[in-house]
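K.L.:
Number of protein chains: 2
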Amino acid sequence: MRIFTFTEPRKIVFLFKLLDFMEFLDRYQQIVADAIAKYTFKDKPAELYEPMNYIISHGGKRLRPIMVLMACDLFGGNLKEAIKPALAIEFFHNFTLIHDDIMDEAPLRRNKPTIHTLHGINVGILSGDGLMLKAYKFFEDLEPEIFKACIRIFTHTGLLLCEGQQYDINFETQENVTFDDYIRMITYKTGVLSASSFEIGALIAKANFKDAKSIFNFGKHIGIAFQIMDDYLDVFGDQAQFGKKHAGDIYENKKTVLYLMAREHATKEERKELDYWYSKKTDNIDKVYGVEKIFRRTKVDEKALRLIEKHNEIGQSYLQKIDIPEEKKKPFAELANYLLRRES
Amino acid sequence: MRIFTFTEPRKIVFLFKLLDFMEFLDRYQQIVADAIAKYTFKDKPAELYEPMNYIISHGGKRLRPIMVLMACDLFGGNLKEAIKPALAIEFFHNFTLIHDDIMDEAPLRRNKPTIHTLHGINVGILSGDGLMLKAYKFFEDLEPEIFKACIRIFTHTGLLLCEGQQYDINFETQENVTFDDYIRMITYKTGVLSASSFEIGALIAKANFKDAKSIFNFGKHIGIAFQIMDDYLDVFGDQAQFGKKHAGDIYENKKTVLYLMAREHATKEERKELDYWYSKKTDNIDKVYGVEKIFRRTKVDEKALRLIEKHNEIGQSYLQKIDIPEEKKKPFAELANYLLRRES
Numbered sequence: 001m002r003i004f005t006f007t008e009p010r011k012i013v014f015l016f017k018l019l020d021f022m023e024f025l026d027r028y029q030q031i032v033a034d035a036i037a038k039y040t041f042k043d044k045p046a047e048l049y050e051p052m053n054y055i056i057s058h059g060g061k062r063l064r065p066i067m068v069l070m071a072c073d074l075f076g077g078n079l080k081e082a083i084k085p086a087l088a089i090e091f092f093h094n095f096t097l098i099h100d101d102i103m104d105e106a107p108l109r110r111n112k113p114t115i116h117t118l119h120g121i122n123v124g125i126l127s128g129d130g131l132m133l134k135a136y137k138f139f140e141d142l143e144p145e146i147f148k149a150c151i152r153i154f155t156h157t158g159l160l161l162c163e164g165q166q167y168d169i170n171f172e173t174q175e176n177v178t179f180d181d182y183i184r185m186i187t188y189k190t191g192v193l194s195a196s197s198f199e200i201g202a203l204i205a206k207a208n209f210k211d212a213k214s215i216f217n218f219g220k221h222i223g224i225a226f227q228i229m230d231d232y233l234d235v236f237g238d239q240a241q242f243g244k245k246h247a248g249d250i251y252e253n254k255k256t257v258l259y260l261m262a263r264e265h266a267t268k269e270e271r272k273e274l275d276y277w278y279s280k281k282t283d284n285i286d287k288v289y290g291v292e293k294i295f296r297r298t299k300v301d302e303k304a305l306r307l308i309e310k311h312n313e314i315g316q317s318y319l320q321k322i323d324i325p326e327e328k329k330k331p332f333a334e335l336a337n338y339l340l341r342r343e344s
Numbered sequence: 001m002r003i004f005t006f007t008e009p010r011k012i013v014f015l016f017k018l019l020d021f022m023e024f025l026d027r028y029q030q031i032v033a034d035a036i037a038k039y040t041f042k043d044k045p046a047e048l049y050e051p052m053n054y055i056i057s058h059g060g061k062r063l064r065p066i067m068v069l070m071a072c073d074l075f076g077g078n079l080k081e082a083i084k085p086a087l088a089i090e091f092f093h094n095f096t097l098i099h100d101d102i103m104d105e106a107p108l109r110r111n112k113p114t115i116h117t118l119h120g121i122n123v124g125i126l127s128g129d130g131l132m133l134k135a136y137k138f139f140e141d142l143e144p145e146i147f148k149a150c151i152r153i154f155t156h157t158g159l160l161l162c163e164g165q166q167y168d169i170n171f172e173t174q175e176n177v178t179f180d181d182y183i184r185m186i187t188y189k190t191g192v193l194s195a196s197s198f199e200i201g202a203l204i205a206k207a208n209f210k211d212a213k214s215i216f217n218f219g220k221h222i223g224i225a226f227q228i229m230d231d232y233l234d235v236f237g238d239q240a241q242f243g244k245k246h247a248g249d250i251y252e253n254k255k256t257v258l259y260l261m262a263r264e265h266a267t268k269e270e271r272k273e274l275d276y277w278y279s280k281k282t283d284n285i286d287k288v289y290g291v292e293k294i295f296r297r298t299k300v301d302e303k304a305l306r307l308i309e310k311h312n313e314i315g316q317s318y319l320q321k322i323d324i325p326e327e328k329k330k331p332f333a334e335l336a337n338y339l340l341r342r343e344s
């Protein structure tokens, strides 16, 4: 995390809020970590289950299971009932990572060798399949009505994730990707899983249908905003913080929101230049300079930030609709702040 | 199917019974075919869903969905309620085929190019994942109690299939595969899915727990017997009927029930010879002659047939336990006959 300088009063307040929130997050993270340790798979054959334990143990921020717990807490549910479903979400997320890494031929994930790199593609496919199925088992303690509601959301979310992944693959060769295509793709790939995590937590707490949908929509729009921020930071972020290669998306010709908005607002000349750069994969730094120049000229950096703000506001408006004391909803607004910081 | 000669009275009776049963099977097959046509996936993106439609449309005998319908009928359920869950089983089965074909690098399935051959491994992985999720959706019309019972069985079955597949992969390099290891592997890979198909049909018909378990166990043992028959026919079957390469399992060094029993009952000398042949992969026909000689000397052909009979009998004994008029149970016994014919 960025080291804050204590010169601007506004930032100090933000810092304290963030510290509070980090403590808050830590508490939930501990619950998830304990549950993961408790439910480590001991099934046989080890060749199938050890790769699952391997990827799950490598952590990540565990934000999705935390979202389940937060929503359950918000609506006054029994946190104990939400723990296994929270793990289901985390397992499902990790299943998608295992299969995505095969598809992307990724050698590393969270700085560790990917499963297919260690054990081959077959183990990757099969342990991914198994992890998805294990995820379903983690809802089985719920009573039938809630079980059914959760499983419906879970399955639907899984299908949208697959669809989003396929759209993303299609974009690589698709000539005319529209802005709406892009928003749909990131909604399916990123927005829906956080949305569903909240909704499942709400349902376990027996929230009413309307509130469950509101928290779903909060999660969806924060997820969309987060994904746009990811595109933004790739080019305009502080790379030392961000920990990724600067402008990796440009090198990869990825049709990010920046690219799509730039193409829309570019002059004929600029569009021609953009198309030229995106017609080839090269490590030439001139490509990044050339594309960034157009990004700045078309002001897509500002436009992207406004878009993030727009989705954040839509998300917050859904949060408003939930008839629960503001104090209890504060962590949700802070989670959004945390996710949409311009530093990470 | 084999052309029967009308010389032996016993066989004529069998022929007529088989014809009746084939008509019976045809009726169910038509219901499944109609449902598959009705529920063809029209979702987008087509790149994700068309491969699913492709593999499902290539048919096969549809025995597993038929088992769901048969069990639902047996216990007096509403067949309409069982149709979508029956498709779920068929979809799930096809999902495993898509992923298995990638793992086996199989170019063909049911004489058509496999999905990964046509569209690459990534589409194979993703459309397989999607098909598994679609399968879950096909239970959603069931009321919560039955929904939950079915999903539990379905998920558990899926996990056992993954475990069975992993055991099968392990056997390739595992030195000491025991007879029990083998029975567990085929139970997970073959027995459990037919068993669960029956059980799910029974639950939809609101059969009691005991009867549902009995029909499950009937399916399990018939499935085990069927898999042993598959091993038997590979070596001792009529290849013109069987439509597969003679002794493919021997060429592939597969640790089939014949191999395992032969190794157990072989003399020291024979075991040495068997180990010699199974230590290398060769297309040399002498290998097949050499191994078959030991198979015959150790009488594993007779032993395998006895084992098939044993599991058939266990299966039938579970069928007996179900307190329903014999007449209604007849198709189940005939299904077993049909599956365990020595001709196909």
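Taken in sequence, the protein lines are chains X and Y.
Numbers 1 to 344, taken from the UniProt record's numbering, label the letters of the first sequence in order.
Numbers 1 to 344, taken from the UniProt record's numbering, label the letters of the second sequence in order.
Yeah, the Cβ is synthetic: ideal placement off N, Cα and C, and Gly gets one too.
Find out if the Cβ-Cβ distance for the pair Ser127(Y), Met52(Y) is shorter than 7 Å.
P.N.:
Here residue 127(Y) refers to the residue found at position 127 of the second sequence. Here residue 52(Y) refers to the residue found at position 52 of the second sequence. Their beta carbons are under 7 Å apart, which means Ser127(Y) touches Met52(Y) by this criterion.
K.L.:
For Asp141(X) and Glu145(Y), I'd like the C-alpha separation in whole angstroms.
P.N.:
For this step, residue 141(X) is matched to residue 141 along the first sequence. For this step, residue 145(Y) is matched to residue 145 along the second sequence. Distance between the alpha carbons of Asp141(X) and Glu145(Y) is about 13 Å.
K.L.:
Tell me Lys112(Y)'s beta-bridge partners as DSSP assigns them.
P.N.:
Against the second sequence, residue 112(Y) aligns to sequence position 112. According to DSSP, which records beta bridges pairwise, Lys112(Y) is partnered with Arg109(Y).
K.L.:
In whole angstroms, what separates the C-alpha of Phe218(X) from that of Gly315(X)?
P.N.:
Translated into the one-based positions of the first sequence, residue 218(X) becomes position 218. Translated into the one-based positions of the first sequence, residue 315(X) becomes position 315. The alpha-carbon atoms of Phe218(X) and Gly315(X) are separated by roughly 4 Å.
K.L.:
With 16 as the cutoff for other CB atoms within 10 Å, does Asp180(Y) come out buried or exposed?
P.N.:
Residue 180(Y) sits at position 180 when you count from the first residue of the second sequence. When all chains shown are included, Asp180(Y) counts as exposed.
K.L.:
Residue ranges of each beta strand (DSSP E) run of no fewer than 3 residues wholly in the region 217-269 of chain X, ordered along the chain?
P.N.:
The region 217-269 of chain X contains no whole beta strand (DSSP E) run of 3 or more residues.
K.L.:
Excluding the 5 residues flanking Glu8(Y) on each side, which residues of the same chain have their C-beta closer than 7 Å to its C-beta?
P.N.:
Reading the second sequence from its first residue, position 8 is the one you call residue 8(Y). The predicted position of Glu8(Y) is uncertain, since its pLDDT is 44 and thus under 50; a value taken from the coordinates is nonetheless stated next. Within the same chain, Glu8(Y) has no close Cβ partners at all.
K.L.:
Skipping 5 residues on each side, what residues in its chain have a beta carbon closer than 8 Å to that of Lys299(X)?
P.N.:
For the purposes of this step, residue 299(X) is taken as residue 299 along the first sequence, with counting starting at 1. Closer than 8 Å at Cβ, skipping near neighbours: His265.
K.L.:
Using only the alpha-carbon positions, how far apart do Ala333(X) and Lys255(X) sit?
P.N.:
Here residue 333(X) is taken as the residue at index 333 of the first sequence, counted from 1. Here residue 255(X) is taken as the residue at index 255 of the first sequence, counted from 1. So the two alpha carbons sit approximately 30 Å from each other.
K.L.:
Can you find a CB in chain X that lies within less than 7 Å of the CB of Phe171(Y)?
P.N.:
The sequence position of residue 171(Y) within the second sequence is 171, counting from 1. No, no contact with chain X.
K.L.:
Measuring CA to CA, which of Glu50(X), Pro325(X), Val68(X) is closest to Ile115(X)?
P.N.:
As a first step, residue 115(X) is located in the first sequence; it is residue number 115 there, counting from the start. Out of Glu50(X), Pro325(X), Val68(X), Glu50(X) has the C-alpha closest to the C-alpha of Ile115(X).
K.L.:
Closer than 7 Å, CB to CB, is Pro45(X) near chain Y or not?
P.N.:
Translated into the one-based positions of the first sequence, residue 45(X) becomes position 45. For Pro45(X), the nearest beta carbon of chain Y is closer than 7 Å to its own beta carbon.
K.L.:
Are there 16 or more other CB atoms within 10 angstroms of the CB of Gln166(X), so buried, or fewer, so exposed?
P.N.:
Walking along the first sequence from the start, residue 166(X) turns up at place 166. Gln166(X) sits buried, since 16 or more C-beta atoms from the chains shown fall within 10 Å of its C-beta.
K.L.:
Please confirm whether Gln174(Y) has its beta-carbon closer than 7 Å to some beta-carbon of chain X.
P.N.:
Translated into positions along the second sequence, residue 174(Y) becomes position 174. No, its Cβ sits nowhere closer than 7 Å to a Cβ of chain X.
K.L.:
Can you name, in chain order, every residue of its own chain whose Cβ lies under 6 Å from the Cβ of Asp301(X), other than the five neighbours on each side?
P.N.:
To locate residue 301(X), count along the first sequence from 1; it is residue 301. Once the five neighbours on either side are set aside, the close Cβ partners of Asp301(X) are Phe236.
K.L.:
Taking CB distances under 7 Å as the criterion, tell me whether Met261(X) reaches chain Y.
P.N.:
Here residue 261(X) is taken as the residue at index 261 of the first sequence, counted from 1. It does not; no Cβ of chain Y falls within 7 Å.
K.L.:
In chain order, what residues of the same chain have a beta carbon less than 6 Å from the beta carbon of His221(Y), not counting five sequence neighbours either side?
P.N.:
Walking along the second sequence from the start, residue 221(Y) turns up at place 221. Excluding its 5 nearest sequence neighbours in each direction, His221(Y) has C-beta neighbours in its own chain below 6 Å: His311, Ile314, Gly315, listed in chain order.
K.L.:
What are the boundary residues of the alpha helix (DSSP H) that includes Glu90(Y)?
P.N.:
Taking the second sequence and counting its residues from 1, one reaches residue 90(Y) at position 90. Note, Glu90(Y): alpha helix (DSSP H), 79-104.
K.L.:
Let's test the definition: count the other Cβ atoms within 10 Å of the Cβ of Pro85(X) and tell me whether it reaches 16, buried, or not, exposed.
P.N.:
By one-based count along the first sequence, residue 85(X) stands at place 85. Classification for Pro85(X): buried.
K.L.:
Helix, strand or coil, according to DSSP, for Gln30(X) in the structure here?
P.N.:
As a first step, residue 30(X) must be located in the first sequence, where it is residue number 30. Gln30(X): helix per DSSP, three-state reduction.
K.L.:
What are the uninterrupted segments assigned as alpha helix (DSSP H) that are 4 or more residues long and contained completely in the region 164-227 of chain X, given in chain order?
P.N.:
179-186, 192-204
K.L.:
Could you tell me the boundaries of the alpha helix (DSSP H) in which Arg64(Y) lies?
P.N.:
Residue mapping note: residue 64(Y) aligns to position 64 of the second sequence, counting from 1. It spans 63-74 - the alpha helix (DSSP H) in which Arg64(Y) sits, taken as one unbroken run.
K.L.:
In chain X, which residues lie with their C-beta within 7 Å of the C-beta of Gln165(Y)?
P.N.:
Translated into the one-based positions of the second sequence, residue 165(Y) becomes position 165. The contacting residues are Leu126.
K.L.:
Interface residues of chain X around residue 345(Y) at Cβ under 7 Å?
P.N.:
The structure shown does not extend to residue 345(Y), since chain Y spans only 1 to 344, so no value can be given for it.
K.L.:
I want to verify the contact list: residues of chain Y whose CB lies under 9 Å from the CB of Met132(X), in sequence order.
P.N.:
Working through the first sequence from its first residue, we reach residue 132(X) at position 132. Going along chain Y in sequence order, the residues near Met132(X) (Cβ under 9 Å) are Asp129, Met132, Leu133, Gly158.
K.L.:
So does Phe216(X) have its beta carbon nearer than 6 Å to some heavy atom of the ligand MN?
P.N.:
Only the bare structure without any ligand can be found here, which leaves the ligand MN out of the picture.
K.L.:
For Lys206(Y), which option in Val68(Y), Phe24(Y), Asp34(Y), Glu172(Y) has the closest C-alpha, if you only look at C-alpha atoms?
P.N.:
The residue you call residue 206(Y) lines up with position 206 of the second sequence. Proximity to Lys206(Y) across Val68(Y), Phe24(Y), Asp34(Y), Glu172(Y) peaks at Val68(Y), based on C-alpha coordinates.
K.L.:
Listing by chain order, which chain Y residues have their CB less than 7 Å from the CB of Lys137(X)?
P.N.:
Along the first sequence, one-based indexing puts residue 137(X) at 137. Per Cβ cutoff of 7 Å: Thr155.
K.L.:
With 7 Å as the limit, tell me which residues of the region 77-102 of chain Y have their beta carbon closer than that to any beta carbon of chain X; keep them in chain order.
P.N.:
His99, Ile102
K.L.:
Between Lys321(Y) and the rest of its own chain, which residues show a CB-CB distance below 6 Å, the 5 nearest in sequence each way excluded?
P.N.:
Taking the second sequence and counting its residues from 1, the one referred to as residue 321(Y) is at position 321. So the qualifying residues of the chain are Ser214.
K.L.:
Since Tyr251(Y) and Asp275(Y) are thought to touch, with beta carbons under 8 Å apart, how far apart are those beta carbons, to the nearest angstrom?
P.N.:
Mapped onto the second sequence, residue 251(Y) falls at position 251. Mapped onto the second sequence, residue 275(Y) falls at position 275. Contact doesn't hold; Cβ gap of about 16 Å is too wide.
K.L.:
Expressed to the nearest angstrom, what Euclidean distance is found between the alpha-carbon atoms of Arg110(X) and Phe75(X)?
P.N.:
By 1-based counting over the first sequence, the position of residue 110(X) is 110. By 1-based counting over the first sequence, the position of residue 75(X) is 75. Those two C-alpha atoms are separated by around 33 Å.
K.L.:
Quick check on Lys148(Y) - is its C-beta less than 7 Å from some C-beta in chain X?
P.N.:
Residue numbering aside, residue 148(Y) sits at position 148 when the second sequence is read from its first letter. Chain X, which has a Cβ nearer than 7 Å to the Cβ of Lys148(Y), makes this yes.
K.L.:
Would you identify the three-state DSSP class for Leu340(X), choosing helix, strand or coil?
P.N.:
In the first sequence, counting from the first residue as 1, residue 340(X) sits at position 340. Leu340(X): coil per DSSP, three-state reduction.
K.L.:
With a threshold of 8 Å on Cβ separation, who are the neighbours of Leu97(Y) within its own chain once the five nearest residues in sequence on each side are excluded?
P.N.:
Here residue 97(Y) is taken as the residue at index 97 of the second sequence, counted from 1. Here the set comprises Ile55, Arg109.
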